[in-house]
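Engineer:
In our numbering, the protein residues as written are 32 to 346.
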């Protein structure tokens, strides 16, 4: 297992499991029910948390910095993130309740989590960095978003010039990265429906002649322009200096499970992170030349709202 920080893939060593337990959804559900019966069931996870929402002024500055770089032809796209934060952290019973709630997640989402020593991450992401099995390497471009609440006032995503440009930049990058392993097959773009959002999605696959190094695949792909910067040559670590980025840790980072001949690496978005001092919910958006503050700000809110809903947090 490999779950480093977004900006530093050397920040965490690989975790090596000493045993493995496989449970059906029904078995896990029963275990959680038993635990929550034996322990005080919370009114709701983080029900008393007072959330400090991200500052509009910080995101306005992020937008200005990125669009200035675009205007100067330094980059074509970047993905800033913002965080809602609370001083309330997560108890064991609240964690169990959130896992129980996640059992109802649709099959378009990958439920994931990891915690120890008072800190952790728990969520349900729609995005994979890569998936390798039976000699086939698969990945996706997931970029371009429409909150379902906006569908009456916006064009179809497939006809939205700004969203399609954002998506195309990711498709170009992934196609180039994958081509070193063989003939790249693509399917898309298509509209991908999630509980509260629509995304543009293109699927990719390539048949490999040999098993790739899974750790090297992480380094090769992370971050795609869906979470980082286009073009990659412009780098992405400069974004850590933008306002509101403190403590980003694993948001948008690789979250990978490696076997001997297969691997699954998720992109850790749509989650709650916590440590002994705070809890935080992040959201990001792709900024291109045509991006507008009000539209992006609304999208950021809708993404955080989707996390609250699926974890069963108060909204």
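No residue lacks a Cβ here, since even glycine has one placed at the ideal position from N, Cα and C.
Between residue 166 and the rest of its own chain, which residues show a CB-CB distance below 7 angstroms, the 5 nearest in sequence each way excluded?
Structural biologist: 238 and 239, listed in sequence order.
Engineer: Sort out for me which residues DSSP pairs residue 296 with in a bridge.
Structural biologist: 161 and 287
Engineer: So what does residue 230 bridge to, in DSSP terms?
Structural biologist: 176 and 223
Engineer: How far does the beta strand (DSSP E) with residue 155 in it extend, from its first residue to its last?
Structural biologist: Per DSSP, residue 155 belongs to the beta strand (DSSP E) from 150-156.
Engineer: Between the stretch 138-151 and the stretch 314-332, do at least 3 Cβ pairs fall closer than 8 angstroms?
Structural biologist: no
Engineer: Beta carbon of residue 318, beta carbon of residue 330: below 8 angstroms?
Structural biologist: Not closer than 8 angstroms, so no.
Engineer: Nearest by alpha-carbon distance to residue 205: which of 116, 241, 177 and 159 is it?
Structural biologist: 159
Engineer: Does the ligand NAD have even one heavy atom less than 7 angstroms from the beta-carbon of residue 48?
Structural biologist: Ligands in the displayed structure: none, and consequently the ligand NAD is not present.
Engineer: Report yes or no: do the stretch 241-254 and the stretch 284-298 share at least 3 C-beta pairs separated by less than 8 angstroms?
Structural biologist: Touching, yes, given that three or more Cβ pairs across the two stretches are closer than 8 angstroms.
Engineer: Have a look at residue 51 and residue 275 and give me their C-alpha separation to the nearest angstrom.
Structural biologist: 38 angstroms
Engineer: For the stretch 32-43 against the stretch 277-284, are there 3 or more C-beta pairs whose distance is under 8 angstroms?
Structural biologist: yes
Engineer: So what's residue 205 in DSSP terms, helix, strand or just coil?
Structural biologist: Residue state, collapsed to three classes: helix.
Engineer: Given this structure, state the Cα-to-Cα distance separating residue 68 from residue 133, to the nearest angstrom.
Structural biologist: Distance from the CA of residue 68 to the CA of residue 133, rounded to the nearest whole angstrom, comes to 18 angstroms.
Engineer: In chain order, what residues of the same chain lie with their CB nearer than 6 angstroms to the CB of residue 180, ignoring the 5 residues before and after it?
Structural biologist: none
Engineer: Quick check on residue 333: does DSSP put it in helix, strand or coil?
Structural biologist: helix
Engineer: So the candidates are 32, 144, 123 and 100; which of them puts its Cα closest to the Cα of residue 66?
Structural biologist: 123
Engineer: Which partner residues does residue 167 have in the DSSP bridge list?
Structural biologist: 164 and 238
Engineer: Below 7 angstroms CB to CB, which residues in the same chain sit around residue 84 once its five sequence neighbours on both sides are set aside?
Structural biologist: Cβ neighbours of residue 84 beyond the five flanking positions: 115.
Engineer: Where does the unbroken alpha helix (DSSP H) through residue 124 begin, and where does it stop?
Structural biologist: 123-133
Engineer: Helix, strand or coil: how does DSSP classify residue 146 here?
Structural biologist: strand
Engineer: Per DSSP, which residues does residue 304 bridge with? Please list them.
Structural biologist: 152 and 311
Engineer: Can residue 96 and residue 316 be called in contact, C-beta distance under 8 angstroms?
Structural biologist: no
Engineer: Could you tell me which of 177, 62, 218 and 138 sits nearest to residue 227, measuring between CA atoms?
Structural biologist: 177
Engineer: Using only CA atoms, which one of 141, 241, 224 and 130 lies nearest to residue 60?
Structural biologist: 130
Engineer: Please confirm if the stretch 196-205 is in contact with the stretch 217-232, defined as three or more CB-CB distances below 8 angstroms between the two stretches.
Structural biologist: yes
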